[in-house]
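Numbering (the numbering used here), first residue to last: 74 to 148.
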Amino acid sequence: MEKEVRIHDEFIRLGQALKLAGIAQTGIEAKIMVTSGEVMVNGEQETRRGRKLRDGDKVETKTGTFVVRTPSESV
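Right, here's the structure in full:
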């Protein structure tokens, strides 16, 4: 089962999500991972750490995988 990273806003930037998921310890570490091509978003290599991730986006690295989730809204 994939890890879920829950956010409370419409989106989260890739660098922030990597830190929140515990894959990167610092912003610099996240930047290096992303710019060196170690991160895939929805099956495609992503080199922009500012990429906006939304509900359902899947992030894969050598050290972990997670899916971004937002809380379900009550009707």
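We put the CB at the ideal spot given by N, CA and C, even for glycine.
- In the DSSP secondary-structure assignment, residue 76 is bridged to 139.
- For residue 107, the enclosing alpha helix (DSSP H) covers residues 100-108.
- In the DSSP assignment, residue 86 is bridged to 125.
- Remark: C-beta atoms of residue 107 and residue 122 approach each other more closely than 8 Å.
- For residue 133, the enclosing beta strand (DSSP E) starts and ends at 131-133.
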